[in-house]
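Have a look at the structure below before the remarks.
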Amino acid sequence: MMVKTEEEIHYIKISSLIVGKALAEVARHIRPGITTLELDRIAEEFIRDHGARPAFKGYEGYPATLCVSLNEQVVHGIPGKREIKEGDIVSIDCGAVKDHFYGDSAYTFAVGDVPEDALMLMKRTKEALYKGIEAAVAGKRVGDVGFAVQNWVEQYGYSVVRDLVGHGIGRNLHEKPEVPNYGQRGTGIKLVEGMTICIEPMINLGTRSVIQEQDGWTIRTADRKSSAHYEHAVAIRKDGCELLSTFEFIEEVVNQHIFRN
Ligand code: MF3
Ligand code: CO
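Going left to right, the sequence shown walks through residues 7 to 267 as the numbering used here numbers them.
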């Protein structure tokens with residue numbers, strides 16, 4: 007169940023590629039004054055134009071294509087009338103399904119002049135994702151991945167959100183195993199060649215504790231300090247793991263964007 011064939015991995019990669027390109031299309035439009043719902047429309051149209059459908063829409067009643075989480079919002083922010091403003095950090099999570107297989111990826115964008123502490127949080131959180139990815143090798147365990155993420159960010163005084171975790175991915179958005187962003191080395195389910203998992207650190211500037219907002223979805227930090235989130239889907243290989251999602255297209259946009267996302 008957790009181990010996929012090469013063909014299945016191929017389909018997950020195709021869906022994840024659509025997600026990476028959808029996020030890049032969204033990145034092109036992130037600027038002060040645009041609403042989070044406008045970004046959602048852009049992503050949905052892109053996904054449908056590429057023969058896929060949004061993975062989150064309808065998932066346990068979730069109403070949108072994207073999760074757009076601003077500043078102290080950690081994840082699962084519902085797109086709506088709220089406008090992005092200069093100085094925001096915006097975490098955008100996107101999923102797509104095509105040919106019965108899911109893709110899932112997330113990126114945090116800086117809008118214009120963002121406070122230094124939030125910029126550093128973003129940088130360290132993205133690094134933590136890659137630390138987790140480096141630890142995701144056949145023969146290691148999910149606890150090794152969690153340890154790598156946690157160990158990286160805690161040295162800077164940041165905290166790891168524990169209430170939400172990464173996950174397996176395939177014919178379902180969320181499959182076994184759970185992939186916490188904290189843990190102890192050598193513990194948990196063993197990673198086997200051909201497993202496909204999403205590693206998605208959610209890292210806070212302040213307390214690790216989070217609460218759910220009144221809308222029943224949005225998760226925010228209890229102390230209202232900033233949070234960042236990045237996610238890749240990967241396939242476990244013998245000597246490492248293979249990225250199935252990509253930030254290549256996103257970062258192409260971000261690196262030349264007027265607001266230096
Ligand atoms: N990437 C997120 C996750 O894996 C997205 C889920 S949002 C939901 O949990 F709306 F679909 F729940
Ligand atoms: Co996910």
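We put the beta carbon where it would ideally sit given N, CA and C, even for glycine.
Counting only runs of 3+ residues, the beta strand (DSSP E) found wholly inside the stretch 124-203 occupies 172-174 and 181-185, in chain order. According to DSSP, residue pairing for Ile209 in a beta bridge involves Val166 and Ala234. For the ligand CO, a non-hydrogen atom lies closer than 6 Å to the CB of Glu206.
The bridge partners DSSP lists for Gln218 are Ile225.
In the displayed model, Glu248 falls within a strand according to three-state DSSP. Between Glu257 and Glu31, the alpha-carbon positions lie close to 11 Å from each other.
A straight-line Cα-Cα distance of about 15 Å links Asp94 and Val260. Between the stretch 214-232 and the stretch 67-84 there are three or more inter-stretch CB-CB distances shorter than 8 Å, so the stretches are counted as touching.
The beta carbon of Pro69 sits closer than 8 Å to the beta carbons of Lys63 and Ile84 from its chain, once the five residues preceding and following it are set aside; these are given in chain order. At a Cβ-Cβ threshold of 7 Å, Val9 and Val143 do not count as neighbours.
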